[in-house]
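What follows is a set of notes on a single structure, which appears directly below.
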Ligand code: GAR
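Residue numbers (the working numbering): 282 to 498.
What follows is the structure, encoded as structure tokens:
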């Protein structure tokens, strides 16, 4: 199998980027992260990429008059690398449909909730306010509608009575670092296909997202 090329987009800490870098290095995932792109110049994830010897780019969205112009500039940089997979790892920008359609079937995102619950922002706060008993994260294909693409894998955490946003978010991050590399591995191994917004794994229609629970939660 040919080595797959991945481009990762970040906006911040990049702990999910790190989990994917580590998984490629330790779990024999036949892939190379060829570039990390951030819309924030001070994103810590850029340091992680530098330490791992990965090329980085900063494309500051505030320098563009419209979303469309920003996305066009982003596409130009991404396409230089001819990636097989584009991974959004805490990339906090809404993307235009032109961008999303350009990478259809190879653009994935991790979202900190059990989709379709809590699309958008402040997911941990909203889950706590609702008295949710479980929460988690979802890896999904990106489609033009925000956080609405088909879900490949979910990681579940139990919400404790004593949880606050910080403690809950820490456990969601733990499960994210398990499920995101697994999702990347499935794509790298050509085991996943998106057809008409439906996911097929090894040619079988995926009725329900794969689910993982955080151990010793
Ligand atoms: C993650 O929790 C991810 O689910 C979330 O941002 C965090 C990034 O953490 N993404 C979104 O909210 C996208 N809508 P990281 O920078 O440490 O990987």
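All C-beta atoms, glycine included, are put in the ideal place defined by N, C-alpha and C.
- For residue 391, the shortest C-beta to heavy atom distance toward the ligand GAR is below 7 Å.
- Ranked by how close their Cα comes to the Cα of residue 444, the residues 428, 436, 412 have 412 in first place.
- Per DSSP, the unbroken alpha helix (DSSP H) holding residue 326 starts and ends at 325-332.
- Looking at 478, 496, 495, the one whose alpha-carbon comes closest to that of residue 488 is 478.
- In the structure shown, residue 406 adopts helical secondary structure according to DSSP, grouped into three states.
- Rounded to the nearest angstrom, the Cβ distance from residue 498 to residue 420 is 19 Å, too far for a contact under 8 Å.
- Nearest C-alpha to residue 430 among 309, 291, 342, 398: 398.
- For residue 446, the uninterrupted alpha helix (DSSP H) run begins and ends at 446-469, by DSSP.
- Between the ligand GAR and the CB of residue 288, the shortest heavy atom gap is not smaller than 7 Å.
- According to the DSSP assignment, residue 422 belongs to the beta strand (DSSP E) that extends over 415-422.
- Contact annotation: residue 387 and residue 365 have beta-carbon atoms nearer than 8 Å.
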